[in-house]
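Positions 1 to 229 (the UniProt record's numbering) are the ones given, in order, by the sequence shown.
For glycine and all other residues, C-beta sits at the position ideal for the given N, C-alpha and C.
Because the structure is a prediction, the values reported are computed rather than measured.
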Amino acid sequence: MVLPGHGTNVPVKHRTLPLRAQGYLIRPFPLVDIPLGRFGSLINGIIDGSRQPLPFANFGDTPISIPAGTCLGIFKECPVAPEPCQVFLNLAEVFHGDQPCEEERRAEAKQPAGSPFLLRPLADDPNVQADISKFWGPEVKNQVQDILSKYSNLPRNELSCFNNGVTIPIPFKDGVNLNDLRQVPYPMSRKDMQAFGEITDPMRANGSPRTSPPRTTLTSSLPSIRRVA
């Protein structure tokens with residue numbers, strides 16, 4: 001169990017990989033559940049291919065349990081030539097000769113599996129205004145802004161959560177027992193459909209949305225990373 005704002009070194013299992021000087025790039029598969037405020041992920045870093053615990057961080061608001069066998073990501077061979085990227089330097093250290101801080105000087109020792117560490121939470125974004133695209137023109141943007149203002153009580157983290165003292169503004173049928181409920185009963189409420197239709201119906205009448213062809217399923221040959229017991 002990984003608590004919110006905390007992390008732990010998770011023991012993982014993958015097939016045996018040859019050691020490479022360039023190492024392997026970790027491509028994590030985040031564990032995400034937006035309505036419940038759940039977001040956790042492995043590091044997005046480089047390892048040498050040996051079996052070792054990998055840091056897993058919980059950036060969400062609810063605890064995360066990782067059952068044994070959960071696929072947490074894949075490995076990808078790092079290229080010999082690095083990809084073009086921007087590099088940021090500590091200018092104070094370069095121009096003023098400031099010494100690195102204690103954390104930078106201290107060599108990071110490999111921690112055993114299960115060693116917790118604390119995440120520093122990010123500051124809240126003071127801008128709470130919805131960022132709406134201008135691609136469809138100012139008229140559509142104003143309509144979307146009006147709908148968001150009208151239905152501002154719908155997009156809340158508390159929705160779809162039961163037995164926690166929260167009153168949901170979506171009425172249920174009288175006499176229904178929700179004790180054994182395991183999923184959201186209404187994927188889209190009537191108010192959601194009405195708000196969604198006010199945007200999409202005019203666009204659909206003009207032929208703006210286009211149906212995307214179904215994607216073909218690709219089988220990956222990259223080694224996967226799974227949680228071990």
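V80 has no beta-bridge partner at all, per DSSP. Across the set A21, S41, G69 and D146, the C-alpha of A21 shows the shortest separation from the C-alpha of V80. In this structure, R27 lies away from I64, with their beta-carbon atoms at least 7 angstroms apart.
In this structure, the straight-line span from the alpha carbon of A68 to that of Y151 is close to 41 angstroms. In the DSSP assignment, S41 falls within the unbroken beta strand (DSSP E) covering R38 to L42. In this structure, R15 is the residue among F196, D131, V140 and R15 with its C-alpha nearest to the C-alpha of S50. D146 and S189 have their C-alpha atoms some 19 angstroms from each other. The residue from Q143, V2, K141 and K134 with its alpha-carbon nearest to that of F39 is V2.
One Cα belongs to D192, the other to D61, and the distance between them is close to 25 angstroms.
D201 and D33 have their C-alpha atoms some 29 angstroms from each other. Rounded to the nearest whole angstrom, the C-alpha separation of V10 and P138 is 49 angstroms. The DSSP-derived three-state label of A21 is coil. The C-beta distance from G23 to I47 rounds to 6 angstroms, short enough to meet the 8 angstroms contact threshold. P138 sits in a helix when the DSSP states are folded into three classes.
Beta-bridge partners of I46 (DSSP): L25. Judged by DSSP in its simplified three-state form, F59 adopts coil rather than helix or strand. Secondary structure at D131: coil, using DSSP grouped into helix, strand and coil.
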